[in-house]
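> Just dropping this structure here.
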Amino acid sequence: MSTGSPPPARRFVQPRAGDDWPAIAARELPDLPQNEAVERIKSWNLHLVFRPVSVITPSDILFVEPPRAREPVA
Numbered sequence: 045m046s047t048g049s050p051p052p053a054r055r056f057v058q059p060r061a062g063d064d065w066p067a068i069a070a071r072e073l074p075d076l077p078q079n080e081a082v083e084r085i086k087s088w089n090l091h092l093v094f095r096p097v098s099v100i101t102p103s104d105i106l107f108v109e110p111p112r113a114r115e116p117v118a
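Taken in order, the sequence shown gives residues 45 to 118; the numbers are from my numbering.
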């Protein structure tokens, strides 16, 4: 059994009512051009992009950073 601390979680947000991809991208990645920010967020949230209708709801979880690299197991 491992006694180490759990790995850090990815940063995520829950959308606000009425949010769309550009609104979330502007709020969470303001230093990037909007198109690039939207594409990055979509690439980290394929579970939402590939819905039959790509609608974002306030109950969704959106990752706002890429997955972290796994550390090798000793």
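Even glycine gets a Cβ: it sits at the ideal position worked out from N, Cα and C.
Just to confirm, are residue 63 and residue 105 a CB contact at a threshold of 9 Å?
On the sequence shown, position 19 is the one that residue 63 refers to. On the sequence shown, position 61 is the one that residue 105 refers to. No, they are not a contact pair.
> With a threshold of 8 Å on Cβ separation, who are the neighbours of residue 76 within its own chain once the five nearest residues in sequence on each side are excluded?
If you number the sequence shown from 1, residue 76 lands on position 32. Answer for residue 76: 69, 84, listed in chain order.
> Could you tell me if residue 59 is buried or exposed, where buried requires 16 or more neighbouring beta carbons within 10 angstroms of its beta carbon?
Mapped onto the sequence shown, residue 59 falls at position 15. Its Cβ being crowded by 16 or more others within 10 Å, residue 59 is buried.
> Determine the closest residue to residue 113 out of 49, 67, 54, with distance taken between C-alpha atoms.
Start at 1 with the first residue of the sequence shown, and residue 113 comes out as number 69. The option with the nearest alpha carbon to residue 113 is 54.
> Taking 8 Å as the cut-off, is the beta-carbon of residue 63 closer than that to any non-hydrogen atom of the ligand MN?
No copy of the ligand MN occurs in the structure displayed, which carries no ligand at all.
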